[in-house]
Amino acid sequence: MDMLKKFFNKFTVLILLIIVIAYFGITAPGFMTIGNGMSLLRQIAVLGILSTGFSMVMIAGGLDLSISSQLSLVSCATAMMIVNGVPSILACIGGIVIAVLISTFNGFAIVTTGMPAMICTLAMQQVLQGVVYIFTGASPVYGLPNSMKIIGQGYIFGIVPIPIIIMIAIFLIGAFILNRTYLGRYFYAVGSNEEATRLSGLSSKKIMILSYVINGIFVGLASIVLMSRIASGQPLAGQGYEMDVITACVVGGIAFSGGKGKMLGVVQGVLVMGVLSNGLGVKGVDSYTQLLCKGIVLIVVVSIDCLREKRAKSQKMVISHENKKMNHQKEGAAE
Numbered sequence: 085m086d087m088l089k090k091f092f093n094k095f096t097v098l099i100l101l102i103i104v105i106a107y108f109g110i111t112a113p114g115f116m117t118i119g120n121g122m123s124l125l126r127q128i129a130v131l132g133i134l135s136t137g138f139s140m141v142m143i144a145g146g147l148d149l150s151i152s153s154q155l156s157l158v159s160c161a162t163a164m165m166i167v168n169g170v171p172s173i174l175a176c177i178g179g180i181v182i183a184v185l186i187s188t189f190n191g192f193a194i195v196t197t198g199m200p201a202m203i204c205t206l207a208m209q210q211v212l213q214g215v216v217y218i219f220t221g222a223s224p225v226y227g228l229p230n231s232m233k234i235i236g237q238g239y240i241f242g243i244v245p246i247p248i249i250i251m252i253a254i255f256l257i258g259a260f261i262l263n264r265t266y267l268g269r270y271f272y273a274v275g276s277n278e279e280a281t282r283l284s285g286l287s288s289k290k291i292m293i294l295s296y297v298i299n300g301i302f303v304g305l306a307s308i309v310l311m312s313r314i315a316s317g318q319p320l321a322g323q324g325y326e327m328d329v330i331t332a333c334v335v336g337g338i339a340f341s342g343g344k345g346k347m348l349g350v351v352q353g354v355l356v357m358g359v360l361s362n363g364l365g366v367k368g369v370d371s372y373t374q375l376l377c378k379g380i381v382l383i384v385v386v387s388i389d390c391l392r393e394k395r396a397k398s399q400k401m402v403i404s405h406e407n408k409k410m411n412h413q414k415e416g417a418a419e
């Protein structure tokens, strides 16, 4: 029984992914095709890139709800620069710099003021969306050259969409940072116990800000991929992405409380969300019902995450109490 429990705990997300794929494979004609599979992977490229950076922020104990508005702002700003004659490479670099500056400001504001990350980044989300509307007049930015459409619409060897290659590369980079670098270990340390990290001589504030900086880089890259895929800068291009990213990360095992989670789990969480969205679309489910389904999934996974955290804390308290009791007994025996 214990072995079965361990198996399900270890492979919960993978089992969920298989169940979702099987369900849509049976109920949605056209879902289990190579063409739809490639389309699905192309669709989740932006979600995958965003989730990679976001997972690092969550592991470090942070949160960034402004990524959706950042996505809209950066894609529109980059498109406007290109349309107005700025070389495409410089415009893309400029877009990434904008995202990094915004994310860095978020991290700095959170650690210096002590403001809750949710409130700070939610406010930034509104500010950025307002900036997008002002500078674009709430109108899409068209006129991108064909060379810029290759990133989001092109293929490698005429088979594999370029966004898929970019997403896989980003996943590998994210896994390397978390598993093979001191910075990744510091993210886990800060998320697990910020006070202990500080007492060990590390600057928890700097580490937290660095997680936001890296998140900004990935938001910038995701914005360019999205802009290229839709061949324009759309003021509402990022709408709803923050909820999809949070759901993908939590489904993948990233704890809201920080300090837990692996990139492999994030990959699986992204695939679950991608299959869910794509499958519902293939079945002809309207966008409002899709939002309802995603909302239910988010509520369920967050509830499970909270219950797990509560259970883990209870177990720690029991163990701590037993250890204290044993120490008292030893002291009494020694006397």
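Residue numbers (this note's numbering): 85 to 419.
Glycine residues also receive a C-beta, built at the ideal position from the N, C-alpha and C atoms.
In angstroms with no decimal places, state the Cα-to-Cα distance between residue i and residue j.
i: Ile173; j: Gly345; result: 34 Å
i: Leu101; j: Ser288; result: 35 Å
i: Leu420; j: Met357; result: Here the chain has residues from 85 to 419 only, and residue 420 is not among them.
i: Gly336; j: Gly285; result: 31 Å
i: Lys233; j: Ser312; result: 5 Å
i: Leu212; j: Gln323; result: 12 Å
i: Leu375; j: Arg126; result: 20 Å
i: Ile330; j: Lys394; result: 20 Å
i: Tyr107; j: Leu98; result: 14 Å
i: Ile151; j: Ala339; result: 19 Å
i: Val381; j: Ile301; result: 28 Å
i: Met199; j: Tyr217; result: 27 Å
i: Gly145; j: Tyr270; result: 11 Å
i: Lys397; j: Cys390; result: 11 Å
i: Ile194; j: Ile243; result: 44 Å
i: Ile166; j: Ala175; result: 6 Å
i: Arg282; j: Thr188; result: 20 Å
i: Met327; j: Asn168; result: 33 Å
i: Tyr372; j: Gly365; result: 11 Å
i: Arg264; j: Asn277; result: 20 Å
i: Ile240; j: Asn120; result: 17 Å
i: Ala207; j: Lys90; result: 41 Å
i: Lys378; j: Ile103; result: 16 Å
Label residue i either buried or exposed according to how many other C-beta atoms from any shown protein chain fall within 10 Å of its C-beta, with 16 as the threshold for buried.
i: Glu279; result: exposed
i: Asp370; result: exposed
i: Gln318; result: buried
i: Tyr325; result: buried
i: Gln210; result: exposed
i: Ala230; result: One point to set straight first is that residue 230 is Asn, not Ala, in the sequence displayed. Classification for Asn230: exposed.
i: Ala38; result: Coverage of the chain is limited to positions 85 through 419, which leaves residue 38 absent and any answer about it impossible.
i: Cys204; result: buried
i: Asn190; result: buried
i: Phe115; result: buried
i: Val334; result: buried
i: Gly363; result: buried
i: Ser387; result: exposed
i: Ile143; result: buried
So residue i and residue j are in contact, right, with Cβ under 8 Å, and what is the actual spacing, rounded?
i: Val158; j: Val303; result: 7 Å
i: Ile186; j: Gln154; result: 6 Å
i: Val309; j: Ala332; result: That belief does not hold up - the Cβ atoms of Val309 and Ala332 are roughly 16 Å apart, past 8 Å.
i: Tyr272; j: Gly343; result: 6 Å
i: Pro224; j: Ser316; result: 5 Å
i: Ala161; j: Gly132; result: With 8 Å as the limit, Ala161 and Gly132 do not qualify as a contact, their Cβ atoms being about 22 Å apart.
i: Leu320; j: Ser156; result: 6 Å
Taking 8 Å as the threshold (C-beta atoms), are residue j and residue i in contact?
i: Asn299; j: Phe138; result: yes
i: Leu305; j: Leu267; result: no
i: Met202; j: Leu149; result: yes
i: Lys367; j: Thr111; result: yes
i: Ala129; j: Ile291; result: no
i: Pro247; j: Gly236; result: yes
i: Val71; j: Tyr296; result: With the chain covering 85 to 419 only, the question about residue 71 has no answer from this structure.
i: Val359; j: Ile105; result: yes
i: Phe255; j: Thr136; result: yes
i: Ala163; j: Leu262; result: no
i: Ala183; j: Ser341; result: no
i: Pro245; j: Met122; result: yes
Do residue i and the ligand SAM come close, with the Cβ less than 7 Å from some heavy atom?
i: Pro229; result: As presented, the structure is devoid of all ligands, the ligand SAM included, so that no description of it is given.
Suppose only complete runs of 4+ residues qualify. What are the alpha helix (DSSP H) ranges in the stretch 238–286, listed by chain order? 246–264, 266–276, 278–283
Taking the runs of the alpha helix (DSSP H) that are 4 residues or longer, which of them lie wholly in the stretch 325–355? 325–335
Please list the segments of the alpha helix (DSSP H) lying wholly inside the stretch 286–318, counting only runs of 4 or more residues, in order along the chain. 288–314
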